[in-house]
DNA sequence: GGGATGATCCCA
DNA sequence: GGGATCATCCCG
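In this note's numbering, the protein residues as written are 258 to 464.
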């Protein structure tokens with residue numbers, strides 16, 4: 258079942274936690290691909306030195322971050338990779354999807370990644386998962402409550418413990434670099450990197 | 001207009 | 001460890 262608008266009405270941290278265990282789905286001409294979200298990061302608006310809207314920046318690129326919750330914010334990094342964020346409730350808040358456990362359309366994902374790739378490495382990074390899922394800048398601003406890109410509530414999900422760590426690649430962000438705003442399914446084999454700490458809570462507590 | 005800068009990935 | 005590779009931003 259596709260998540261609804263209100264499900265996205267959370268701040269960055271709550272949304273990042275909430276999305277763990279949910280299923281990211283992409284419909285494309287080649288077929289459907291889907292994966293369990295096992296790793297996320299929170300980006301929390303104008304106060305967060307690592308967030309793209311830090312300091313109240315309002316450039317065309319970040320406009321969608323000031324719009325309605327539950328929309329896609331993909332952007333290009335290093336001129337060659339695309340990273341997918343999901344917008345949250347408060348202005349500027351979003352969650353970065355960092356890794357998936359492939360669930361459906363694994364053949365399609367492998368083909369998009371260029372052939373022989375172990376399942377554990379198909380989508381274990383924010384750039385890789387966008388490539389595997391066929392997510393491009395054409396998804397910019399797309400409403401996840403309708404359309405070909407969306408998140409479904411987890412099926413009968415097995416309970417899992419949450420692990421936390423520092424966000425990746427934000428060393429420039431002053432003290433915000435040390436916030437424990439990276440979240441993952443503890444022990445998952447599909448993470449981009451290991452998390453440093455046990456969070457002390459499970460998926461049930463994050464609802 | 002032009003230079004600097006990445007929320008990464010892959011290979012050595 | 002380092003290079004690829006370019007959209008975006010900021011400064012003039």
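Virtual Cβ for every residue (Gly too), placed ideally from N, Cα, C. Please read all numbers here as calculations on a predicted model, not as lab measurements.
- Apart from the 5 residues on each side of it in sequence, residue 416 sits with its Cβ closer than 8 Å to the Cβ of 459, 460 and 461 in its chain, given in chain order.
- Around the beta carbon of residue 340, 16 or more other beta carbons sit within 10 angstroms, so the residue counts as buried.
- DSSP lists no beta-bridge partner residue for residue 308.
- Residue 316 counts as exposed, since fewer than 16 other beta carbons sit within 10 angstroms of its beta carbon.
- Within the region 305-371, the complete alpha helix (DSSP H) segments of 4 residues or longer fall at 363-370, listed in chain order.
- Between residue 440 and residue 297 the beta-carbon gap is near 5 Å, inside 8 Å, which marks them as a contact.
- Residue 408 and residue 347 have their C-alpha atoms some 20 Å from each other.
- Under the three-state reduction of DSSP, residue 406 is assigned to strand.
- DSSP, read as helix, strand or coil, puts residue 400 in strand.
- Three or more beta-carbon pairs separated by less than 8 Å link the region 268-288 to the region 297-313, which places the two stretches in contact.
- Judged by their CB atoms, residue 449 and residue 362 are not nearer to each other than the 9 Å cut-off.
- With respect to the C-alpha of residue 371, the residue from 399, 261 and 391 having the closest C-alpha is 391.
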